[in-house]
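In what follows, a structure is listed as structure tokens, so that the remarks can point back to it.
Protein chains: 2
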Amino acid sequence: MPGNSNGVAAVERAASLLEAFTERDFTLSLGELARRVELDKSTVLRIARSLAKHQLLVRNEDASWRLGPKLMKLGNIYQSTFRASDIIEPLLADLVTRTGESAAVYVREGDERVCLFRHDSHQSIRHSARVGSTYPLDRGAPGRVILAFNGRSGSIYDEIRKAGFHTTSGERDPQVASLAVPIFRDGQSLFGSLALTGPPDRFSDDAIRKNLEILQVAARKLSVAMGGDPGP
Amino acid sequence: MPGNSNGVAAVERAASLLEAFTERDFTLSLGELARRVELDKSTVLRIARSLAKHQLLVRNEDASWRLGPKLMKLGNIYQSTFRASDIIEPLLADLVTRTGESAAVYVREGDERVCLFRHDSHQSIRHSARVGSTYPLDRGAPGRVILAFNGRSGSIYDEIRKAGFHTTSGERDPQVASLAVPIFRDGQSLFGSLALTGPPDRFSDDAIRKNLEILQVAARKLSVAMGGDPGP
DNA sequence: GTTGTTCGTTGTACTGAGTACAACACCTTT
DNA sequence: AAAGGTGTTGTACTCAGTACAACGAACAAC
Chain H
1 MPGNSNGVAA
11 VERAASLLEA
21 FTERDFTLSL
31 GELARRVELD
41 KSTVLRIARS
51 LAKHQLLVRN
61 EDASWRLGPK
71 LMKLGNIYQS
81 TFRASDIIEP
91 LLADLVTRTG
101 ESAAVYVREG
111 DERVCLFRHD
121 SHQSIRHSAR
131 VGSTYPLDRG
141 APGRVILAFN
151 GRSGSIYDEI
161 RKAGFHTTSG
171 ERDPQVASLA
181 VPIFRDGQSL
191 FGSLALTGPP
201 DRFSDDAIRK
211 NLEILQVAAR
221 KLSVAMGGDP
231 GP
Chain X
1 MPGNSNGVAA
11 VERAASLLEA
21 FTERDFTLSL
31 GELARRVELD
41 KSTVLRIARS
51 LAKHQLLVRN
61 EDASWRLGPK
71 LMKLGNIYQS
81 TFRASDIIEP
91 LLADLVTRTG
101 ESAAVYVREG
111 DERVCLFRHD
121 SHQSIRHSAR
131 VGSTYPLDRG
141 APGRVILAFN
151 GRSGSIYDEI
161 RKAGFHTTSG
171 ERDPQVASLA
181 VPIFRDGQSL
191 FGSLALTGPP
201 DRFSDDAIRK
211 NLEILQVAAR
221 KLSVAMGGDP
231 GP
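If you read the protein sequences in the order shown, they are chains H and X. For the first sequence, UniProt numbering begins at 1 and goes up steadily by one. For the second sequence, UniProt numbering begins at 1 and goes up steadily by one.
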């Protein structure tokens with residue numbers, strides 16, 4: 001199972017088990033689990049038992065499985081790696097009340113971006129992603145801003161760097177538009193991007209102009225709080 | 001390694017690897033990691049590589065390791081299992097502004113309780129736990145309330161059931177006092193407990209009386225929203 | 001310069017752990 | 001009563017996982 005070899009197959013199988021669960025299918029029977037990961041039922045049972053011993057999986061009364069609380073704890077430690085929650089969370093809430101759109105912070109993680117923090121808009125029509133979800137770097141404003149300020153060259157990225165922000169509509173998902181600016185920490189090093197997202201029809205030129213100012217003020221405040229230069 | 005046998009040792013080793021990380025030691029070198037889990041460096045390296053392939057672990061530039069973003073995603077799915085975040089989160093925020101203390105929701109998970117949601121007080125002196133942390137059931141008001149309404153017998157628990165709430169000061173942690181009430185869902189089945197926590201000196205009889213009313217109103221609202229009886 | 005220590009990494013040989021299969025008991029449904 | 005569906009356990013085979021030792025590269029002490 002280890003693609004290039006030099007790994008531990010059983011561990012990767014266990015990881016696949018965890019990945020079989022989604023927001024919709026948050027509880028799975030042994031058989032269903034075995035079917036999804038394409039392993040024998042007995043194999044899945046033994047791995048699941050070991051995962052459950054560490055609360056990475058939990059067994060419910062009808063013998064089916066669901067994800068365990070340890071994952072929430074570990075996910076929280078992952079988040080604390082960035083040492084930013086105290087500053088970011090209230091700031092996102094403030095952004096939402098000011099702009100009416102959902103606000104989020106994305107950071108680069110390898111060749112993807114991860115939604116690290118998020119605060120949903122109060123409006124009935126709103127964009128709502130999940131914290132921890134990964135998205136491509138080269139699609140959508142939050143990703144492109146990260147690429148631009150990570151030194152990616154190309155006419156688009158040069159423009160973003162010059163403008164200090166970027167906006168896209170329906171690029172990654174036809175249903176959502178987004179407006180993003182960079183956040184810095186420890187001087188000039190990029191921390192990630194701060195973004196507003198919502199339905200494209202609420203991202204008119206006028207709305208963008210108005211929200212951009214609010215967003216940039218927040219981004220500067222954030223950058224300064226994390227020891228970074230305010231940015232261009 | 002599987003205590004009673006009938007598990008997969010390599011998987012449990014991998015779980016131990018993840019558990020070696022804490023809020024303080026959020027990044028560990030290979031050697032340190034091997035020391036903590038008491039395994040050979042080569043073994044740890046191979047397991048870590050497999051975990052990293054699934055983003056459960058991430059390698060940083062100096063070759064040390066940290067927890068991966070997939071954990072946040074999975075932790076989020078765990079949380080969504082309870083289908084309650086939309087209702088609970090704003091309610092906790094409201095509780096904090098009304099009472100000035102930190103508010104949290106605990107659910108039973110086996111023979112422990114897990115902090116499922118949490119909103120910190122704005123005050124400089126405040127109790128601040130981590131979402132996903134586990135605590136004993138028989139220490140602290142949130143735990144005892146869960147035991148009482150899960151049918152645990154005994155004079156203390158009979159009293160709690162009769163009163164409809166419980167308060168403790170310094171029982172689990174000498175530094176914190178708490179006030180907790182039950183939450184129900186789907187009729188009479190217990191969902192968990194809703195609690196306020198803070199420094200003991202802010203939990204005078206007067207303060208408790210005042211906050212209890214606010215807490216109970218919130219708990220009833222919550223129970224009804226989740227299809228449960230409002231409770232006694 | 002050395003010597004010593006740490007770090008991460010790779011190859012090896014051994015053996016015991018992980019695996020798939022089959023059979024089982026227990027349910028419903030037909 | 002047969003057929004499908006659970007979850008479970010025991011088995012035997014073999015290959016995957018392991019610890020060990022050795023390596024090169026940094027870095028510090030002297």
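Cβ coordinates follow ideal geometry from the N, Cα and C atoms, glycine included. Since the model is a prediction, treat every value here as computed from it, not as a measurement.
Residue i by DSSP, collapsed to three states: which one?
i	result
Ser64 of chain X	coil
Gly75 of chain X	helix
Gly100 of chain H	coil
Val131 of chain X	coil
Thr168 of chain H	strand
Pro136 of chain X	strand
Thr43 of chain H	helix
Val145 of chain X	helix
Leu95 of chain H	helix
Gly31 of chain H	helix
Val114 of chain H	strand
Glu12 of chain H	helix
Ile183 of chain X	strand
Leu56 of chain X	coil
Ala177 of chain H	strand
Ser204 of chain X	coil
Ile195 of chain H	Per the sequence presented here, residue 195 of chain H reads as Ala, with Ile not at that position. Ala195 of chain H: strand per DSSP, three-state reduction.
Arg108 of chain X	strand
Ser85 of chain X	helix
Kindly indicate if chain X contains any beta-carbon less than 7 Å away from that of residue i.
i	result
Asn76 of chain H	yes
Leu30 of chain H	no
Thr57 of chain H	The amino acid at residue 57 of chain H is misidentified as Thr; the sequence shows Leu. No, no contact with chain X.
Phe82 of chain H	no
Phe149 of chain H	no
Val105 of chain H	no
Leu95 of chain H	no
Lys73 of chain H	yes
Val8 of chain H	yes
Ala34 of chain H	no
Taking just the CA atoms, how far does residue j sit from residue i?
i	j	result
Thr134 of chain H	Phe149 of chain X	40 Å
Leu127 of chain H	Met226 of chain X	Reading off the sequence, residue 127 of chain H comes out as His, not Leu. Cα to Cα, the separation comes out at about 24 Å.
Glu159 of chain X	Val145 of chain X	10 Å
Arg139 of chain X	Leu147 of chain X	10 Å
Thr27 of chain H	Phe21 of chain H	7 Å
Ser102 of chain H	His119 of chain H	6 Å
Val131 of chain X	Arg108 of chain X	14 Å
Val181 of chain X	Asn76 of chain H	26 Å
Lys73 of chain H	Met72 of chain X	9 Å
Arg152 of chain H	Gly192 of chain H	14 Å
Val44 of chain X	Trp65 of chain X	11 Å
Leu81 of chain H	Ala195 of chain H	At residue 81 of chain H the sequence reads Thr, which differs from the Leu that was named. When rounded, the distance between both Cα atoms is 21 Å.
Arg36 of chain H	Asp62 of chain X	36 Å
Pro90 of chain X	Ser121 of chain X	14 Å
Asp40 of chain H	Leu17 of chain H	12 Å
Leu30 of chain X	Asp111 of chain H	23 Å
Ala163 of chain X	Arg220 of chain X	15 Å
Gln216 of chain X	Ala218 of chain H	37 Å
Phe203 of chain H	Glu171 of chain H	13 Å
Is the beta carbon of residue i sitting closer than 7 Å to the one on residue j?
i	j	result
Tyr106 of chain X	Leu67 of chain H	no
Ser178 of chain X	Ala141 of chain X	yes
Gly228 of chain H	Phe184 of chain H	yes
Phe117 of chain H	Ile87 of chain H	no
Ala14 of chain H	His54 of chain X	no
Leu95 of chain X	Arg113 of chain X	no
Leu51 of chain X	Lys70 of chain X	no
Ala129 of chain H	Cys115 of chain H	yes
Gly7 of chain X	Arg46 of chain H	yes
Ile214 of chain H	Thr97 of chain H	no
Ala10 of chain H	Val11 of chain X	yes
For residue i, would you say it is in contact with chain H, using Cβ-to-Cβ distances shorter than 7 Å as the test?
i	result
Ile47 of chain X	yes
Pro69 of chain X	yes
Phe184 of chain X	no
Glu23 of chain X	yes
Val224 of chain X	no
Ala63 of chain X	no
Answer yes or no: the CB of residue i versus the heavy atoms of the ligand FAD, is any distance below 6 Å?
i	result
Ile88 of chain X	Absent from the structure shown: the ligand FAD. Ligands present: none.
Please list the residues of the segment 113-143 of chain H that have a C-beta atom closer than 7 Å to any C-beta atom in chain X, keeping them in chain order.
Identification of residues in the segment 113-143 of chain H having a C-beta nearer than 7 Å to some C-beta of chain X yields Val114, Arg130, Val131, Gly132, Ser133 and Thr134, given in sequence order.
With 7 Å as the C-beta to C-beta threshold (strictly closer), list the residues of the segment 169-196 of chain X near chain H in chain order.
Cβ proximity to chain H below 7 Å picks out nothing from the segment 169-196 of chain X.
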